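For the sequence shown, the tail end lands on 219 under UniProt numbering, and the numbers increase by one without skipping.
Virtual Cβ for every residue (Gly too), placed ideally from N, Cα, C.
Only a predicted model underlies this, so the values are computations on that prediction, with no experimental measurement involved.
Here's the structure, in structure tokens; my notes come after.
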Amino acid sequence: MFVNHRPVEIIPQEENVLEVLEREGIRVPKFCYHPILSIAGNCRMCMVQVDGTQNLVVACSTVTMPGMSIITDSRLVRDAREGNVELILINHPNDCPICEQATNCDLQNVSMNYGTDIPRYREDKKAVEDFYFDPQTRVVLNRCIHCTRCVRFLNEHAQDFNLGHIGRGGLSEISTFLDELEIKTDHNMPVAQLCPVGSLYLGDAEENNNLAAELDAAA
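Below is the structure:
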């Protein structure tokens, strides 16, 4: 296949486009994707353009095929990513200075490249009550961007199905079912480190960030 008009080797039907791009050292923004989790494709940040068309595809959920040609940083791609960031920030609080994840936050980093100084949306930010996975893991739902990493990790690696995505549209949120506010699992620590923003917080901020880096390296 071709990436930005340059030929690259692929394993057809076995790799997705995002995996090829990362292997080639091409950085693509992403929130929902993680190599140890199933593909969700719900953040839409990794969109790339099919060369010669006005079509955008989600890189993490698009399998590679021989002859495929994609562009990773066209004006169309950049406009789409900027629009997605703007939508995500509609309900995200402006609390970066006090957020435990500050300076190590995927959303903060992506917003530096694709954010805007003058938002077009003036909606009131929703307020959702925080809760705890357990006595050590705090869930700050106001910061949640609905990437579902935490949900998928618990479902796929801990066989814990208490956490899920409920509601629709602006009323959607990550929550526990049947008011079971404590997730009874030994996997809460890696769940917190998988969060790309400051929505899940476990213990000391520096320790949390170090463990997150170790988890990424292991993947």
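Query: Cβ-based burial, Ala-59 [other Cβ within 10 Å; buried from 16]; Result: buried
Query: Close Cβ partners of Asp-106 (< 7 Å) along its chain, the five nearest in sequence each way excluded; Result: Phe-31, Pro-196, Val-197
Query: Burial state of Ser-175, where buried means 16 or more other Cβ atoms lie within 10 Å; Result: buried
Query: For Asn-104 and Ala-205, the rounded distance between their alpha carbons; Result: For Ala-205, the predicted structure reports a pLDDT of 48, less than 50, and the residue's modelled location is therefore unreliable. A value from the coordinates is still provided. For Ala-205 and Asn-104, the distance between alpha carbons rounds to 10 Å.
Query: Of the listed residues Cys-147, Val-151, Leu-202, Glu-156, nearest to Arg-44 (C-alpha basis); Result: Cys-147
Query: Beta-carbon spacing of Ile-71, Val-48 below 8 Å; Result: yes
Query: Of the residues Arg-23, Val-128, Cys-46, the one placed nearest Ala-80, counting alpha carbons only; Result: Cys-46
Query: CB-CB length for Arg-120 against Glu-86, believed under 8 Å; Result: 7 Å
Query: Coil, strand or helix - residue 234 by DSSP; Result: Because the chain here runs from 1 to 219, residue 234 falls outside it and cannot be looked at.
Query: Per DSSP, the bridge partner or partners of Tyr-132; Result: Arg-138
Query: N- and C-terminal bounds of the beta strand (DSSP E) containing Leu-202; Result: 200-202
Query: Segment contact flag, the region 131-145 with the region 8-28, C-beta cutoff 8 Å, min 3 pairs; Result: no
Query: Residues of its chain near Val-139, where Cβ-Cβ distance is below 7 Å and the 5 sequence neighbours each way are ignored; Result: Asp-130, Phe-131, Tyr-132, Phe-133, Ser-199, Leu-200
Query: Rounded C-alpha distance that separates Asn-55 from Ser-74; Result: 12 Å
Query: Reduced DSSP category for residue 222 - H, G, I as helix; E, B as strand; rest coil; Result: The structure shown does not extend to residue 222, since the chain is modelled only from 1 through 219, so no value can be given for it.
Query: Proximity to Ala-40 [Cα-Cα], best of His-92, Gly-25, Thr-62; Result: Thr-62
Query: Whether Leu-141 touches Glu-100 by CB criterion (8 Å); Result: no
Query: Beta strand (DSSP E) segment containing Val-57, residue limits; Result: 56-58
Query: Contacting residues, own chain, Cβ-Cβ under 7 Å from Pro-12 (five flanking each side not counted); Result: Thr-64, Met-65, Pro-66
Query: Residue range of the alpha helix (DSSP H) that includes Ile-166; Result: Element bounds for Ile-166: not the alpha helix (DSSP H) but the beta strand (DSSP E), 163-166.
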